[in-house]
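Asker: Residue numbers (my numbering), protein chains in the order written: chain H, 1141 to 1379; chain W, 1141 to 1379.
Here a beta-carbon is modelled for each residue, glycine too, at the ideal position from N, C-alpha and C.
Number of protein chains: 2
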Amino acid sequence: MDESILGHDIAGDVDGIISRPTLHEEIVERIRAMIFDEQLAAGTRVPERDLCQRFGISRTPLREALKVLASDGLITLLPNRGAWVTRMTPEDVDELFPIMGALEALSGELACENTSDADVAEVRALHYQMALHHTRGEQPEYFRINQQIHDKIMELADNPSLFQVYRPLAQRVRRARYLANASINRWDAAMREHEEILDALDARDGKRLAALLRVHLLNKLEAVKRVISTPDEKGDVIS
Amino acid sequence: MDESILGHDIAGDVDGIISRPTLHEEIVERIRAMIFDEQLAAGTRVPERDLCQRFGISRTPLREALKVLASDGLITLLPNRGAWVTRMTPEDVDELFPIMGALEALSGELACENTSDADVAEVRALHYQMALHHTRGEQPEYFRINQQIHDKIMELADNPSLFQVYRPLAQRVRRARYLANASINRWDAAMREHEEILDALDARDGKRLAALLRVHLLNKLEAVKRVISTPDEKGDVIS
DNA sequence: TTCATACATTTTGAATGCATAATGCACTTT
DNA sequence: AAAGTGCATTATGCATTCAAAATGTATGAA
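Here it is, written out as structure tokens:
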């Protein structure tokens, strides 16, 4: 019919709500992503004018986005002196890891109430893929799958508000967390902990999974602190 | 000398950092307060123009504040259709209470590591004042002191990030929480739980205090849900 | 040279302006 | 009268403008 002339099928969309994201939401996500993959590095200035040009927008929606990101703690606004990507301090890590531990523990507990066998199978597959990267010493791949497992558990918790609270915290510590994995000792230990995590999820043992996830994260705390309190030669503590 | 002529002593401030809060920060706090005490009621529109006039500012900083409050979930932005004070649904309560439970539990655990005898004495004084209001059936006073006790424990945790994460959640459920106290059954039970909470804090038993705070909050969940899912005659579910 | 100062330039915070979308209301039509 | 239609009004999202603050730079003094 008409659709085929237009070259695409619109039948599926006729009664859905039309989503019109506003600029500032879109920009929040883009800047999030840029901080995530370090196009905007911790401790550097957020180049307002450049970003406006790059995104082809005016300063108003960009600045709205900056306020939102600042309230997440992802960037820091210095009055009259611009926006800067927040740098992680050892004190921040001391504060944030216990919080994230509590939230991950909750995610594990809730996940056990909802997890199907297929879900466990999915996590198991990720787990053994991660184990493979571990034995091969492939750190970036290990780290990526590791993230996926924790994200999957968070998803199984089926609590969008929990994810929303957790996400900005996780993003703030993500880079430091990645670097902390460099320590091989900790890497082996983390892998053993993950065995137990999978086991507890399989058994739907919410309390145990919660405790494991919490300890797993707290164990990383010291490693992360060591990394970020060791300035490299550029004086740039975490990049 | 000069200070006394001006009528106040400025000697204490000479080397402190001069704080210059930006407009949008100030406005975020004001609107927070207005939602808190229901000058802006749940489910109603946030009157952008009125607020601009009232605060004597332009739309730009106000709108920046609205984006921040929206990212906290305190208000909801409908594209091209204004800002509305977020209304609490039973689903929200189901999601938020376990999260707040986990965070309060953590606050209790951390508090036990830092609490001095003087701090315990302070909480004890609040506790018995609250008990008095309970026996007298003075609900608003009871509720206020109850808040103060939980706030005090959060403060003793000495983790600003924890407070920052907790605060927006607490504010979202605050009104529903207040109404839930109306149920006398729950009120007596809550009072007994508070006895135990004080006891655990006094003993610096972090694990126990954590468990108590968590259960305390979870116990409120059902009462709160009952309240908000019972629309009143105006069809306004929580006001 | 190093340091301080004055001045031009840039950046920032907030107000204003403008195009588009949503809303309210008079007017029709049945 | 109830429901639909078209138009005027208002509100919204974003761009632009403007004043104040911060920054960079050239000049002069020690």
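Exposed or buried, LEU1357(W), counting other C-beta atoms within 10 Å across all chains shown (16 or more means buried)?
Answerer: buried
Asker: In the stretch 1302-1327 of chain H, which residues sit with their C-beta less than 8 Å from some C-beta in chain W, listed in chain order?
Answerer: LEU1302, GLN1304, VAL1305, LEU1309
Asker: Could you tell me which residues DSSP puts in a beta bridge with LEU1217(H)?
Answerer: ALA1223(H)
Asker: Helix, strand or coil, according to DSSP, for ARG1354(W) in the structure here?
Answerer: helix
Asker: Just the Cα atoms here: how many angstroms apart are ASP1259(H) and ALA1340(H)?
Answerer: Their Cα atoms are separated by approximately 13 Å.
Asker: Kindly list, in the order they appear in chain H, the residues whose Cβ is closer than 9 Å to that of PRO1300(W).
Answerer: The CB of PRO1300(W) comes closer than 9 Å to the CB of GLU1235 in chain H, given here in chain order.
Asker: What does a CB cutoff of less than 8 Å around LEU1250(H) pick up in its chain, not counting 5 residues either side in sequence?
Answerer: LEU1296, ALA1297, ASP1298, ASN1299, LEU1302, GLY1346
Asker: Ignore the nearest five residues each way along the sequence and tell me which others in ALA1316(W)'s own chain have a CB closer than 8 Å to its CB.
Answerer: MET1228, VAL1233, VAL1364, VAL1367, ILE1368, ILE1378
Asker: Would ARG1189(W) count as contacting chain H if we go by Cβ distances under 8 Å?
Answerer: Judged by the 8 Å Cβ criterion, ARG1189(W) is not in contact with chain H.
Asker: Within a Cβ cutoff of 7 Å, which residues of the same chain sit near PHE1384(W), ignoring the five residues on either side of it in sequence?
Answerer: The structure shown has nothing for residue 1384(W), since chain W only spans 1141 to 1379.
Asker: Expressed to the nearest angstrom, what Euclidean distance is found between the alpha-carbon atoms of GLN1287(H) and CYS1192(H)?
Answerer: GLN1287(H) and CYS1192(H): Cα-Cα distance of roughly 32 Å.
Asker: Between which two residues does the alpha helix (DSSP H) carrying ASP1339(W) extend?
Answerer: 1324-1342
Asker: Identify each residue in the stretch 1236-1251 of chain H for which the Cβ-Cβ distance to at least one residue of chain W is less than 9 Å, and report them in chain order.
Answerer: LEU1236, PRO1238, ILE1239, GLY1241, ALA1242, LEU1243, ALA1245, LEU1246, GLU1249, LEU1250
Asker: Taking the beta carbon of PHE1176(H) as the centre, do at least 16 other beta carbons fall within 10 Å, making it buried, or is it exposed?
Answerer: exposed
Asker: Rounded to a whole number of angstroms, what is the C-alpha to C-alpha distance between LEU1163(H) and SER1159(W)?
Answerer: 31 Å
Asker: With 8 Å as the threshold, decide whether the Cβ of THR1200(W) is near any Cβ in chain H.
Answerer: So yes, THR1200(W) belongs to the interface.
Asker: Which first and last residues belong to the alpha helix (DSSP H) in which LEU1163(W) is found?
Answerer: That run of the alpha helix (DSSP H) goes 1163-1176.
Asker: Buried or exposed: which applies to TYR1268(W), given that a residue is buried once 16 or more other Cβ atoms fall within 10 Å of its Cβ?
Answerer: exposed
Asker: Label PHE1349(W) either buried or exposed according to how many other C-beta atoms from any shown protein chain fall within 10 Å of its C-beta, with 16 as the threshold for buried.
Answerer: For the record, residue 1349(W) in the displayed sequence is Leu; it is not Phe. The residue is buried, with at least 16 neighbouring Cβ atoms inside 10 Å.
Asker: Once DSSP output is grouped into helix, strand and coil, what is the label at ARG1160(H)?
Answerer: coil
Asker: Here's the rule: buried if 16 or more other CB atoms are within 10 angstroms of the residue's CB, otherwise exposed. What is GLY1277(H)?
Answerer: If you draw a 10 Å sphere on the C-beta of GLY1277(H), you find fewer than 16 other C-beta atoms in it, and that means exposed.
Asker: Since ARG1203(W) meets chain H, which of its residues come closer than 8 Å, beta carbon to beta carbon?
Answerer: Result: GLU1204.
Asker: Answer with buried or exposed for PRO1187(W), where buried requires no fewer than 16 other C-beta atoms within 10 angstroms of its C-beta.
Answerer: exposed
Asker: On the CB-based measure, 16 or more other CB atoms within 10 Å of its CB, does THR1275(H) come out buried or exposed?
Answerer: By the C-beta density criterion, THR1275(H) is exposed, having fewer than 16 other C-beta atoms within 10 angstroms.
Asker: Tell whether a beta-carbon distance below 8 Å holds between VAL1305(H) and LYS1207(W).
Answerer: no
Asker: For SER1369(W), return the contacting residues in chain H, with the cut-off set at a CB-CB distance below 9 Å.
Answerer: The contacting residues do not exist; SER1369(W) stays about 18 Å from chain H at best.
Asker: How many angstroms separate the CA atom of SER1256(H) from the CA atom of GLY1196(H)?
Answerer: 45 Å
Asker: Which ranges would you report for the alpha helix (DSSP H) in the stretch 1273-1299 of chain H if only whole runs of at least 4 residues count?
Answerer: 1279-1296
Asker: Which residues bound the alpha helix (DSSP H) around MET1240(H)?
Answerer: 1230-1254
Asker: If you check the beta carbons only, do ARG1344(H) and GLU1244(H) fall under 8 Å apart?
Answerer: no
Asker: Throw me the rounded Cβ distance for the VAL1225(W) and THR1200(W) pair, which I believe falls under 8 Å.
Answerer: About 21 Å; that fails the 8 Å criterion.
Asker: List, in order along the chain, the chain W residues whose C-beta lies closer than 7 Å to that of HIS1356(H)?
Answerer: Correct list: empty, because the minimum Cβ distance to chain W is about 16 Å.
Asker: The alpha helix (DSSP H) that contains LEU1206(W), what's its start and end?
Answerer: 1199-1211
Asker: Rounded to whole angstroms, what's the CA-CA distance from ALA1210(W) to ILE1324(H)? Just pull it up for me.
Answerer: Those two C-alpha atoms are separated by around 42 Å.
Asker: Nearest CA to the CA of LYS1292(W): which residue from LEU1272(W), GLN1311(W), GLN1279(W), VAL1263(W)?
Answerer: It is VAL1263(W) whose Cα lies nearest to the Cα of LYS1292(W).
Asker: Just how far apart, CA to CA, sit ASP1342(W) and CYS1252(W)?
Answerer: 8 Å
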